[in-house]
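Single-structure report; data block below.
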Ligand code: 0GY
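Residue numbers (our numbering): 1304 to 1598.
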């Protein structure tokens, strides 16, 4: 399948990070795309990416100094999780997955995904990627996966938080927010918009955040993404036991630039300035949520 004309391919030779992650470090947000010839992209997709398969993902993991990965189903594969599950099975216990499911998923399919290492479902509310459903749709899906001990990953734009507040604050499982809830980083970190996100985390002890994707949120750009750091750091310091970090490789829909993954890793010490914070962010927290079956 031909990629979109304006699609930016992942960095072919990222720099070696100066920061060395601790043993057991987890890249808790990354994807696999295809290859489309083996795992076709979904007919309802909003973009056609450049193939980015499991071998390239595992090579990057090793190069950057990570031991494990959490592979999140991307919208270009719809609710066909086979590329992600294939990667989990090939990873020999070193990867866990987050699936996209629809109400027609069978219990046998859920059990098979659980066996492969899926530990959560992703609900996407970003309107350029999907057509979001009414709250009841998501509640029914949570009822299906809660007995398996799975959690929910939610991806939304900052403006959606107020609109979906009732849903997001009433889910009976751990809830992991992608990319800090996508704040507008030109607004103050102690302003009303990010204040609502901080309140969301403070009032709901089951809510986690990925302090990921400075490249998506930044106006100042690479290599330091300095304008995003205060937002990520505020969350890491307030909730050190409920944060995760990920590369977001292969960086779908990046239009401004393609990040050097080594530079992204070098942001970590700036958002988690103490060794103890970094160990929680990269090792302890993802281990608890994805490998030890508890939050
Ligand atoms: C991300 C971000 C994006 C895409 C997807 O599933 C997806 O297609 O999540 C985006 O376009 O912002 O986390 O990969």
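Every residue gets a Cβ at the ideal spot worked out from N, C-alpha and C, and that includes glycine.
Bear in mind that the values here come from a model prediction, so they are computed numbers and not experimental data.
Runs of the alpha helix (DSSP H) spanning 4 or more residues and lying entirely within the segment 1462 to 1493 occur at 1463 to 1466 and 1468 to 1471, in chain order. Per DSSP, the unbroken beta strand (DSSP E) holding residue 1330 starts and ends at 1329 to 1333. According to the DSSP assignment, residue 1545 belongs to no beta strand (DSSP E), since it is labelled neither H nor E. If you ignore the 5 residues before and after residue 1535, its C-beta comes within less than 6 Å of the C-beta of 1514 and 1574, all in its own chain and listed in chain order.
Contiguous beta strand (DSSP E) elements confined to the segment 1342 to 1423 occur at 1371 to 1375 and 1398 to 1402, taking only those with 3 or more residues.
In this model, residue 1355 and residue 1379 are separated by some 12 Å (Cα to Cα). For residue 1384, the distance from the CB to the nearest heavy atom of the ligand 0GY is not below 6 Å.
When DSSP states are grouped into helix, strand and coil, residue 1588 belongs to the helix group. For residue 1566, no beta strand (DSSP E) segment is defined; the enclosing uninterrupted segment is the alpha helix (DSSP H) at 1564 to 1568.
Annotation for residue 1325 indicates a beta carbon at 6 Å or more from all heavy atoms of the ligand 0GY. With a threshold of 16 other beta carbon atoms within 10 Å, residue 1323 falls short and is exposed.
In the three-state scheme derived from DSSP, where H, G and I count as helix and E and B as strand, residue 1336 is classed as strand. Look at residue 1425 here: in three-state DSSP terms it is strand. Sixteen is the threshold: since fewer than 16 other Cβ atoms of the shown chains lie within 10 Å of the Cβ of residue 1305, the residue is exposed.
By the neighbour-count criterion, in which a residue is buried when 16 or more other Cβ atoms sit within 10 angstroms of its Cβ, residue 1581 is buried. Taking C-alpha positions only, residue 1489 is separated from residue 1461 by approximately 13 Å. Following the DSSP letters along the chain, one finds residue 1323 in no beta strand (DSSP E), marked with neither H nor E.
Distance from the CA atom of residue 1314 to the CA atom of residue 1451, rounded to whole angstroms, is 37 Å. Per the Cβ contact rule, the segment 1404 to 1419 is not in contact with the segment 1360 to 1367 (fewer than 3 Cβ pairs under 8 Å).
DSSP, reduced to helix, strand and coil, places residue 1440 within a helical segment of the structure shown. Boundaries of the beta strand (DSSP E) around residue 1454: 1454 to 1458.
Take residue 1550, set aside five residues on each side of it, and the residues of its chain with a beta-carbon closer than 8 Å to its own are 1330, 1332, 1333, 1363, 1367, 1515, 1564, 1567 and 1568, in chain order. Using a Cβ distance threshold of 7 Å, residue 1585 and residue 1393 do not count as a contacting pair. Counting only residues of its own chain and dropping the five nearest sequence neighbours on each side, residue 1596 has a CB closer than 7 Å to the CB of 1452. In this structure, residue 1547 has its CB at a distance of at least 6 Å from all heavy atoms of the ligand 0GY. A distance criterion of 6 Å places the beta-carbon of residue 1550 beyond contact range of the ligand 0GY, judged by its closest non-hydrogen atom.
Residue pairing from DSSP places residue 1513 in a beta bridge opposite 1547.
Per the C-alpha coordinates, the member of 1431, 1448, 1352 and 1541 positioned closest to residue 1423 is 1448. In the displayed model, residue 1498 falls within a helix according to three-state DSSP.
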